[in-house]
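**Student:**
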Amino acid sequence: MSISKDGVLAALDGIASPDGLPLPSTGKLSDIVVADGKVFFSITVDASAVQAWEAIRERAQKAVSALPGVQSVLVALTAERTGGAGPGGRAAPPHPQAPRPRPGTPSGGPAAPSPAGIPGVAAIIAVASGKGGVGKSTTAVNLALALRELGLKVGILDADIYGPSMPKLLAIRERPQAIGGNRLRPIERFGMPVMSIGFLIEEETPMIWRGPMVMSALTQMLREVEWGALDVMVVDMPPGTGDAQLTMAQQVPLKGAVIVSTPQDLALIDARRGIAMFRRVNVPVLGIVENMSTFVCPQCGTRSDIFGHGGARREAERLGVPFLGEVPLDITIREKSDSGSPIVATAPDSEHAKCYRDIAMRVREGLATSGRPAPKIVIEA
């Protein structure tokens with residue numbers, strides 16, 4: 047039986063808010079996303095009312111879960127603080143995502159416990175960039191495939207909620223199947239399990255979600271997916287240093303991060319921010335990849351450093367992190383990525399596939415020597 051937004055709203059109409067209004071009439075619901083038995087929406091309330099609304103959120107989730115045809119439901123409670131003083135004239139507590147002072151400072155608390163791992167997954171690495179457009183997702187896919195060629199069991203999680211790339215890069219059109227309740231079976235491609243929010247929604251559906259909704263979706267894709275036994279999970283992160291990165295640092299013990307950048311100064315500025323962010327949350331930086339490193343004309347053989355050359359290597363030396371390698375700007379890599387046929391899988395003997403395998407070998411070496419240090423700061427969800 048197909049599920050409609052109207053059907054979801056009708057189910058929510060029977061749930062009263064703390065002030066007695068039916069939930070759809072409160073103006074606190076986000077757009078409702080319905081796709082292949084999956085339902086997603088959020089409820090936005092003032093931070094001071096979170097406790098009263100949590101019970102409403104739970105009732106909403108149960109009501110929608112009971113609808114015929116619904117396989118899974120994600121309802122996030124988004125809290126907004128109006129600013130200024132809190133109750134009784136006291137200053138409002140810090141934003142829930144703000145880092146607390148380091149232990150040892152006057153207001154520092156005890157060190158945070160290590161985040162729990164994903165059952166069956168030995169190591170999780172993040173492939174990240176400070177800005178978009180540097181080829182991070184293409185690098186993540188080919189790195190995962192190259193690690194698999196080295197004999198490792200590898201899976202891929204697409205953590206970019208707003209701009210998921212895995213459906214295109216791996217030519218995946220099917221939907222994940224539900225397994226016994228709210229757990230999902232990932233899609234298999236090139237011998238690897240893959241999960242992305244893009245598998246659950248239509249390609250042109252905008253994800254107009256606030257931070258807590260993003261964090262809830264990431265948590266579900268991490269912990270409510272049957273990943274099986276993996277040596278490495280490669281996580282394709284969204285660009286920047288926001289909610290997704292903080293969620294990953296909080297929710298799972300990241301073994302390390304790979305930073306992707308082009309050689310140009312503008313991209314390297316943001317790469318520095320990415321490195322600084324991972325260091326601050328005590329995630330080892332496995333190294334930097336220089337993507338679009340140079341261009342060689344296929345007709346005349348002339349080399350052109352369109353985005354410069356060697357900038358990432360120099361930055362790695364300056365910051366004291368490993369330099370993992372260079373990947374050229376080449377039309378074959380682009381064409382194979384657009385067609386869902388990554389070059390490592392479909393042209394394994396090419397020079398470009400060799401570039402990715404060399405990078406994968408250095409990443410594997412980094413994983414062998416990387417140890418997660420004891421947390422120094424606390425970041426709350």
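Count along the sequence shown from 1, add 46, and you get the number used in the numbering used here.
A virtual CB, placed ideally from N, CA and C, is assigned to each residue, including glycine.
The alpha helix (DSSP H) spanning residue 53 covers which residue range?
**Tutor:** Residue 53 -> alpha helix (DSSP H) spans 51 to 58.
**Student:** Work out the CA separation of residue 279 and residue 66 for me, nearest whole Å.
**Tutor:** In a straight line, the C-alpha of residue 66 is about 46 angstroms away from that of residue 279.
**Student:** Three or more beta-carbon pairs under 8 angstroms between the stretch 235 to 244 and the stretch 299 to 315, yes or no?
**Tutor:** Cβ pair count under 8 angstroms is below three, so no.
**Student:** Give the DSSP-derived three-state secondary structure of residue 337 in the structure shown.
**Tutor:** Three-state result, residue 337: strand.
**Student:** Measuring alpha carbon to alpha carbon, tell me which residue in 99, 389, 391 is nearest residue 89.
**Tutor:** Checked all of 99, 389, 391; the closest Cα to residue 89 is 99.
**Student:** Please identify the residue among 104, 322, 87 whose C-alpha is closest to the C-alpha of residue 176.
**Tutor:** Among 104, 322, 87, the Cα nearest to that of residue 176 belongs to 322.
**Student:** Which of the three DSSP states, helix, strand or coil, is assigned to residue 306?
**Tutor:** In the structure shown, residue 306 sits in a strand (DSSP, three-state: E or B).
**Student:** List the endpoints of the continuous alpha helix (DSSP H) containing residue 213.
**Tutor:** 212 to 215 is the span of the alpha helix (DSSP H), which, as asked, contains residue 213.
**Student:** Let me confirm a value: residue 204 is counted as buried when at least 16 other C-beta atoms fall within 10 Å, else exposed. Which label applies?
**Tutor:** Buried.
**Student:** Tell me which same chain residues have a C-beta within less than 6 angstroms of the C-beta of residue 201, skipping the five on either side of it?
**Tutor:** These residues qualify, in order along the chain: 238, 239, 273, 276, 279.
**Student:** Would you mind working out which of 320, 86, 71, 72 sits nearest residue 50, comparing C-alpha positions?
**Tutor:** With distances taken between Cα atoms, residue 50 lies closest to 86.
**Student:** Label residue 340 either buried or exposed according to how many other C-beta atoms from any shown protein chain fall within 10 Å of its C-beta, with 16 as the threshold for buried.
**Tutor:** Its Cβ being crowded by 16 or more others within 10 Å, residue 340 is buried.
**Student:** Am I right that residue 297 and residue 332 are in contact with their C-beta atoms under 8 angstroms? What's the rounded C-beta distance?
**Tutor:** With a Cβ gap of about 19 angstroms, residue 297 and residue 332 do not count as contacting.
**Student:** Go to residue 113, then tell me how far its beta strand (DSSP E) extends in each direction, as first and last residue.
**Tutor:** From DSSP, residue 113 is part of no beta strand (DSSP E); its letter is neither H nor E.
**Student:** Flag this pair as yes or no: are the beta carbons of residue 368 and residue 408 separated by less than 8 angstroms?
**Tutor:** Their beta carbons are under 8 angstroms apart, which means residue 368 touches residue 408 by this criterion.
**Student:** How far does the alpha helix (DSSP H) with residue 183 in it extend, from its first residue to its last?
**Tutor:** Per DSSP, residue 183 belongs to the alpha helix (DSSP H) from 182 to 195.
**Student:** How many Å lie between residue 358 and residue 174 at the Cα?
**Tutor:** Computed Cα separation, rounded: 14 angstroms.
**Student:** Using three-state DSSP, classify residue 320 as helix, strand or coil.
**Tutor:** Of the three classes helix, strand and coil, the one that applies to residue 320 here is helix, per DSSP.
**Student:** What residue from 123, 102, 400, 105 has the CA that sits closest to residue 259's CA?
**Tutor:** Out of 123, 102, 400, 105, 123 has the C-alpha closest to the C-alpha of residue 259.
**Student:** From the DSSP output, which residues share a beta bridge with residue 201?
**Tutor:** Per DSSP, 279.
**Student:** Considering just the uninterrupted stretch of the beta strand (DSSP E) at residue 92, what are its terminal residues?
**Tutor:** Taken as a continuous stretch (DSSP letters only), the beta strand (DSSP E) holding residue 92 covers 84 to 92.
**Student:** Could you tell me whether the Cβ atoms of residue 171 and residue 300 are closer together than 8 angstroms?
**Tutor:** It is a contact, given that the beta carbons lie within the stated cut-off.
**Student:** Tell whether a beta-carbon distance below 8 angstroms holds between residue 397 and residue 372.
**Tutor:** No.
**Student:** Apart from the five residues on each side of it in sequence, which residues of its chain come closer than 7 angstroms, Cβ to Cβ, to residue 412?
**Tutor:** Here the set comprises 302, 332, 333, 368.
**Student:** Please go through the same chain and pick out, in chain order, the residues whose beta-carbon is closer than 8 angstroms to the beta-carbon of residue 110, but skip the five residues on each side of it.
**Tutor:** Answer for residue 110: 54, 57, 58, 85, 116, 119, 121, listed in chain order.
**Student:** Ordered along the chain, which non-local residues of its own chain (more than five positions away) have a Cβ less than 7 angstroms from that of residue 225?
**Tutor:** Once the five neighbours on either side are set aside, the close Cβ partners of residue 225 are 231, 272.
**Student:** Looking at the secondary structure, which residues open and close the alpha helix (DSSP H) in which residue 390 lies?
**Tutor:** Its alpha helix (DSSP H) spans residues 389 to 392.
**Student:** From residue 432 to residue 362, what does the alpha carbon distance come to, in whole angstroms?
**Tutor:** A query on residue 432 cannot be resolved here, the shown segment of the chain reaching from 47 to 427 and no further.
**Student:** From residue 414 to residue 169, what distance separates their C-alpha atoms?
**Tutor:** Computed Cα separation, rounded: 10 angstroms.
**Student:** Which partner residues does residue 315 have in the DSSP bridge list?
**Tutor:** According to DSSP, residue 315 bridges with nothing at all.
**Student:** Taking DSSP as the reference, what is the three-state secondary structure of residue 162?
**Tutor:** Correct three-state label for residue 162: coil.
**Student:** At which residues does the alpha helix (DSSP H) containing residue 172 begin and terminate?
**Tutor:** Element bounds for residue 172: not the alpha helix (DSSP H) but the beta strand (DSSP E), 167 to 174.
**Student:** Apply the 10 Å Cβ neighbour rule to residue 92 and answer buried if 16 or more other Cβ atoms are within range, or exposed otherwise.
**Tutor:** Residue 92 comes out exposed.
**Student:** For residue 129, is the classification buried or exposed, using 16 other Cβ atoms within 10 angstroms of its Cβ as the cut-off for buried?
**Tutor:** The predicted position of residue 129 is uncertain, since its pLDDT is 44 and thus under 50; a value taken from the coordinates is nonetheless stated next. The residue in question, residue 129, is exposed, as its Cβ has fewer than 16 Cβ neighbours within 10 Å.
**Student:** Among 191, 178, 376, which residue has its Cα nearest to the Cα of residue 394?
**Tutor:** Nearest of 191, 178, 376 to residue 394, Cα basis: 191.
**Student:** Could you pull the start and end residues of the alpha helix (DSSP H) that residue 409 belongs to?
**Tutor:** Its alpha helix (DSSP H) spans residues 397 to 415.
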